[in-house]
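Notes follow the structure.
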Amino acid sequence: MDPDRNQDLRDRIDALRTEGVLAAACPTCGAEASFHRAFGWLTGKEAERAKADPEILGVPVRDGYVIELFPEVFLWSDPERAEVQGNTGNRVGVLHCDACGHHAKHHLTWPDDLYFRLRVGDTELVSYTREHAEDNLSLLLQVRAVPRILRPFLRDEVEMRMPPALMKDGMLEPTIEALAKLLGVSPEDA
Ligand SMILES: [Zn+2]
851 MDPDRNQDLR DRIDALRTEG VLAAACPTCG AEASFHRAFG WLTGKEAERA
901 KADPEILGVP VRDGYVIELF PEVFLWSDPE RAEVQGNTGN RVGVLHCDAC
951 GHHAKHHLTW PDDLYFRLRV GDTELVSYTR EHAEDNLSLL LQVRAVPRIL
1001 RPFLRDEVEM RMPPALMKDG MLEPTIEALA KLLGVSPEDA
């Protein structure tokens, strides 16, 4: 048998470990950590091929094959997996921190656990990932570059992406500063 015949499946499983990852605050050290899904689902022909490959470990389920993406901390047999990606906002996955090495099953409290979360006055701005936070900062900087009198014309574009209260005088600057600080960049270089 060709050992590479299921390389595409193995690549897909690797990609599942990093797909849809959220930036979370590490519960141990507070640094920016990552929150990953714990399981990947293969269905149809892919599931059949994976089941037949002794090197791809998984759990056969009624409609496919489940891959435990981080079996060292979260097994499919764990009773808590019923809460995985529920619609209630409670999500259980795996939290990994490069800074301190924390690597464990984690109940994500939304949005409290997100790393790029800030409050200016009564308004909260939450970014799901570092890229999302960078996009938000870049949007705020674009708004700042527009003369105040013209800012109302940006309203439609901005309101779709972030709370309009943050565009107000006295809110824009502190928001830019706080977000740049979280990202570890200077607002001038962003
Ligand atoms: Zn940590």
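Residues 851 to 1040 (this note's numbering) make up the sequence shown, in order.
Cβ coordinates follow ideal geometry from the N, Cα and C atoms, glycine included.
- What you get when you keep residues with a C-beta closer than 6 Å to any heavy atom of ligand 1 is Cys876, Thr878, Cys879, Ala881, Ala883, Cys947, Ala949, Cys950, His952.
- Within the DSSP bridge table, the entry for Trp891 names Val916 as partners.
- Less than 9 Å divides the Cβ of Arg998 from the Cβ of Asp1019.
- Note that the stretch 946-960 does not touch the stretch 986-1003; fewer than 3 beta-carbon pairs, one per stretch, sit closer than 8 Å.
- Sorting Ile917, Leu872, Ala883 by C-alpha distance to the C-alpha of Arg862 places Ile917 at the top.
- His982 and Met1010 have their alpha carbons spaced roughly 14 Å apart.
- Taking a 10 Å sphere around the C-beta of Asp858, we find fewer than 16 other C-beta atoms and assign the residue as exposed.
- According to the DSSP secondary-structure assignment, Pro910 is paired through a beta bridge with Tyr915.
- Within the stretch 929-971, the runs of beta strand (DSSP E) at least 3 residues long that lie entirely inside it are, in chain order, 941-946, 953-958, 966-970.
- Judged by DSSP secondary structure, Leu975 falls outside any alpha helix (DSSP H) and instead within the beta strand (DSSP E) spanning 973-977.
- Judged by DSSP secondary structure, Glu981 falls within the alpha helix (DSSP H) whose first and last residues are 980-995.
- Sorting Arg887, His957, Thr878 by C-alpha distance to the C-alpha of Gly870 places Arg887 at the top.
- By the C-beta density criterion, Arg967 is buried, having at least 16 other C-beta atoms within 10 angstroms.
- For Glu1007, the enclosing alpha helix (DSSP H) stretches over residues 1005-1009.
- In the three-state scheme derived from DSSP, where H, G and I count as helix and E and B as strand, Ala883 is classed as strand.
- For Val996, the CB contacts under 7 Å within the same chain, skipping 5 residues up- and downstream, are Leu1004 in chain order.
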